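Below: the structure, in structure tokens.
In structure tokens:
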């Protein structure tokens, strides 16, 4: 039997986890696997180990692990593979496949462009897209550069990139933009509004000299489902 385990970071806010479940359930409906479950990296009662064991107990011999993450940093490149390796050690007869992250897919960039467009920037406005980033991994920055280029093409406006962690630091970029533009439209490139977006918003509010316009986050937009399914299909025979 083939199965899928979707791995999310998890939130301290129960309502956010409920929203995430609803998003993933819509993906499940589009897949043929009879066994599909969600695991959380930050939820002790639904860890990869617990969910993985339950999937195997149900009879799964092939499991596709889907990181519900935007970019390949610590969780996608170390934490999830390490957990898969532990499951594989306990169940050497089970085949595991790990899908890629989906944050650089065209559908996700299109959602971001639509969110920014909804704030109605004029031709003189500056656009700033802020992602989580990483101080240890270069891949998130590299992939986000591709994303911002795509957004710029869709909006026909220049788009700057800032990172919460790593370079380029969002506060530095925001300060530079504020010194040159009367209006700056910024968009948090996060799956949903949460504590990290709140942290960025607080940082932005401390930078004066311009009028700030906040766009919505990706907000678990259903248009991204196609991107996730593509990543599943790429590794699942």
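Numbering (our numbering), first residue to last: 23 to 259. By construction, the Cβ of each residue, glycine as well, lies at the ideal position given by its N, Cα and C atoms. Predicted model only: the values in this text are computed from it and were never measured.
Alpha carbon to alpha carbon, how far is residue i from residue j?
i           : j           : result
residue 211 : residue 257 : 26 Å
residue 104 : residue 146 : 47 Å
residue 81  : residue 143 : 53 Å
residue 138 : residue 113 : 46 Å
residue 99  : residue 243 : 25 Å
residue 149 : residue 221 : 19 Å
residue 236 : residue 117 : 44 Å
residue 13  : residue 253 : Since the first residue of the chain shown is 23 and the last is 259, residue 13 is not available in this structure.
residue 180 : residue 231 : 20 Å
residue 44  : residue 50  : 10 Å
residue 46  : residue 190 : 31 Å
residue 91  : residue 202 : 34 Å
residue 33  : residue 68  : 12 Å
residue 48  : residue 247 : 8 Å
residue 215 : residue 197 : 23 Å
residue 186 : residue 219 : 9 Å
residue 73  : residue 158 : 29 Å
residue 224 : residue 35  : 19 Å
Is the beta carbon of residue i less than 8 Å from the beta carbon of residue j?
i           : j           : result
residue 204 : residue 178 : no
residue 55  : residue 245 : no
residue 79  : residue 27  : no
residue 87  : residue 250 : no
residue 156 : residue 95  : yes
residue 208 : residue 229 : no
residue 188 : residue 195 : no
residue 141 : residue 93  : no
residue 133 : residue 213 : no
residue 58  : residue 25  : yes
residue 199 : residue 171 : no
residue 168 : residue 135 : no
residue 23  : residue 83  : yes
residue 162 : residue 174 : no
Give the DSSP bridge partners of residue i, in chain order.
i           : result
residue 235 : 207
residue 58  : 26
residue 89  : 29
residue 84  : 24 and 117
residue 191 : 185
So what's residue i in DSSP terms, helix, strand or just coil?
i           : result
residue 32  : coil
residue 185 : strand
residue 117 : strand
residue 229 : coil
residue 150 : strand
residue 155 : strand
residue 127 : coil
residue 64  : coil
residue 142 : coil
residue 218 : helix
residue 199 : helix
residue 259 : coil
residue 179 : coil
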